[in-house]
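At position 132 of the sequence shown (counting the first as 1) the number is 1351 in our numbering, and the numbers step up by one without a gap.
Just so it is clear, CB atoms sit at the ideal spot from N, CA and C, and this is done for glycine as well.
Some notes on the structure that comes next.
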Amino acid sequence: MPSAASLAQPAGDLANRRMDPSKVAYQRPQPAGMVPDIFFGGGLSLAEDDRHWVPQAKDVWFKPLVLNVTQGFYVNILKVRKAGVLSRHRHFGPVHAFTLKGSWHYLEHDWVANEGDYVFEPPGETHTLVVPEGAEGMITLFHVTGGYSYVDPQGAALGYEDVFTKLEAARRHFAEQGLGEDYVDRFVR
Ligand SMILES: [Fe+2]
């Protein structure tokens, strides 16, 4: 016979107690101050007509996944549709790169990143990005912390890129695409 106490339990709680605890969702509130998560369905979609591709230079686009202005990093997919030297730059933070399509390399290293390859770029490194002739370009997911300076061969600074320049370019592009001035905010944390 069930006790009076167990009869008083709410039905949902009883059901939970019968369940394997490993299958029960976390029951407590998330911590105060936590920022919202991001879900971007089709975030890895490489479709040409995707309005999420922000022009960066001729035949170069990026698609933001996270623009983290509080920790100074961003995650984006870079798409390059031409062969040649893209840029020489010096990093101020670490970079993780996952090659999704095509191939690319740096003049300063003897490896070539192809589809499925991972690269760690250490903070402080200066390198020159090249997409080789004969390749169909490249598409690579980059997690970039701290940004980088464009430099000449002697290291003199020519310009810079960071989460804020990415955010500004994305905001402008999404507004031009008719998605609205605030559309980019879904990627900002
Ligand atoms: Fe780099």
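For the pair of segments examined, the region 1291-1306 was found not to touch the region 1331-1338: the number of CB pairs separated by less than 8 Å stays below three.
In this structure, the CA atom of His-1310 is about 30 Å from the CA atom of Gly-1252.
Secondary structure at Ala-1388: helix, using DSSP grouped into helix, strand and coil.
Along the region 1234-1317, the beta strand (DSSP E) occurs as fully enclosed runs of 3 or more residues at 1273-1276, 1279-1287, 1292-1299 and 1303-1310, listed in sequence order. Here DSSP, grouped into helix, strand and coil, assigns Ala-1376 to strand.
Not one heavy atom of ligand 1 sits closer than 8 Å to the Cβ of Val-1279. Looking at the DSSP output, Glu-1340 sits in a beta bridge with Val-1314.
Taking Ala-1394 as the centre and dropping the five residues before and after it, the same chain places the C-beta of Glu-1400 and Tyr-1402 closer than 8 Å to its C-beta, in chain order. Looking at the DSSP output, His-1328 bridges to nothing. Inter-residue distance for Leu-1360 and Phe-1259 is about 14 Å (C-alpha atoms, whole angstroms). Sixteen is the threshold: when 16 or more other Cβ atoms of the shown chains lie within 10 Å of the Cβ of His-1271, as they do, the residue is buried. With a cut-off of 8 Å, the C-beta of Tyr-1367 is classified as near ligand 1, since at least one heavy atom of the ligand falls inside that distance.
Leaving aside the five residues that flank Arg-1307 on each side, the residues in its chain whose CB is nearer than 6 Å to its CB run, in chain order, Thr-1347 and Val-1370.
The set of residues with CB atoms less than 6 Å from any heavy atom of ligand 1 reads, in chain order, His-1308, His-1310, Val-1314, Glu-1340 and His-1346.
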